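Participant: Protein chains in written order, with the working numbering: chain A, 1 to 117; chain B, 1001 to 1110.
1) Starting from residue 973/B, trace the beta strand (DSSP E) both ways and give me its first and last residue.
2) Here's the rule I'm using: 16 or more other beta-carbon atoms within 10 Å means buried, otherwise exposed. How should residue 2/A be labelled?
3) Are any of the Cβ atoms in chain B nearer than 7 Å to that of residue 105/A?
4) Does the Cβ-Cβ distance between residue 1020/B and residue 1076/B come in under 7 Å?
5) Short check: CB of residue 92/A to CB of residue 114/A, under 7 Å?
6) Consult DSSP for residue 61/A and reduce its assignment to one of helix, strand or coil.
7) What are the complete beta strand (DSSP E) segments, minimum 3 residues, inside the segment 14-85 of chain A?
8) Suppose contacts are defined by Cβ-Cβ distances below 7 Å. Is residue 1004/B in contact with residue 1025/B by that definition?
9) Taking Cβ positions only, does residue 42/A come closer than 7 Å to chain B?
10) Can you give the Cα-Cα distance for residue 15/A and residue 1030/B, rounded to whole angstroms?
11) Kindly indicate if chain A contains any beta-carbon less than 7 Å away from that of residue 1097/B.
12) Residue 112/A bridges to which residues according to DSSP?
13) Using only the alpha-carbon positions, how far apart do residue 1074/B and residue 1046/B sit?
14) Residue 1069/B: buried (16+ other C-beta within 10 angstroms of its C-beta) or exposed?
15) What in chain A is Cβ-close to residue 1041/B, meaning under 8 Å?
16) Which class does residue 1005/B belong to by DSSP, given the choice of helix, strand or coil?
17) Under 9 Å Cβ-Cβ, which residues of chain B neighbour residue 45/A?
18) What separation, rounded to the nearest whole angstrom, lies between the Cα atoms of residue 1100/B and residue 1048/B?
19) So what's residue 1142/B in DSSP terms, helix, strand or just coil?
20) Count the other CB atoms within 10 Å of the CB of residue 48/A; is the residue buried (16 or more) or exposed (fewer)?
Listed below in structure tokens is the structure:
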């Protein structure tokens, strides 16, 4: 079974631009969550999607948005990029058979390394 | 809200020795505590988890202990090997959302 696939692997953008990152979850997984990882801040939760609906959101500004498609694939968009947005963006999927409130194993992709110049 | 503190930030041990990483959490309602291992260039991978109704769980060389009264949990790795070198993250959760510790870089010295 293929793992979680994130594209692109590396991305270089300049301040003010926008960027879209893609995540393909493991087949059969309905939940996709996104994390920002920086050396100083560790793993910060961005949002989680389940069956095309955002059901959980972290404390990030509105410049960060996402969506999930009917095939469970997800995209994350960051508008008006700032230098501080440079980070590794990780996507994780889970089966989520238990529905909301269930703690389940997360399967992470290798991430997209975003550099904002 | 929940807060998770993880110590130490870096841990260097001799190959074959044991390693212990500790985390404390603030919300007594947290009921799920996973540990993830992140190798260079890869995303985190779950290595062991424990729920609040269990005090200890083992899987070969890895064990996790939970003290609900003190609100802390620990990862124990015995007989460390070079492939254990990685960054380890703890997390605490209630109602799905995970709150992560800052990570511990484990270095195994030959």
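Beta carbons are placed, not taken as given, at the ideal position from N, Cα and C, and that holds for glycine. Just so it is clear, the structure is predicted and the values come from calculations on it, not from any experiment.
Facilitator: The short version:
1) Chain B is shown only over 1001 to 1110; residue 973/B falls outside these bounds and no answer can be derived.
2) exposed
3) yes
4) yes
5) no
6) coil
7) 19-24, 31-38, 42-50, 53-57, 64-68 and 74-78
8) yes
9) Taking Cβ atoms only, chain B reaches closer than 7 Å to residue 42/A, which makes this a yes.
10) 39 Å
11) yes
12) 89/A
13) Straight-line Cα distance between these residues: approximately 15 Å.
14) exposed
15) 110
16) strand
17) 1097, 1098, 1099 and 1100
18) 15 Å
19) Because chain B here runs from 1001 to 1110, residue 1142/B falls outside it and cannot be looked at.
20) buried
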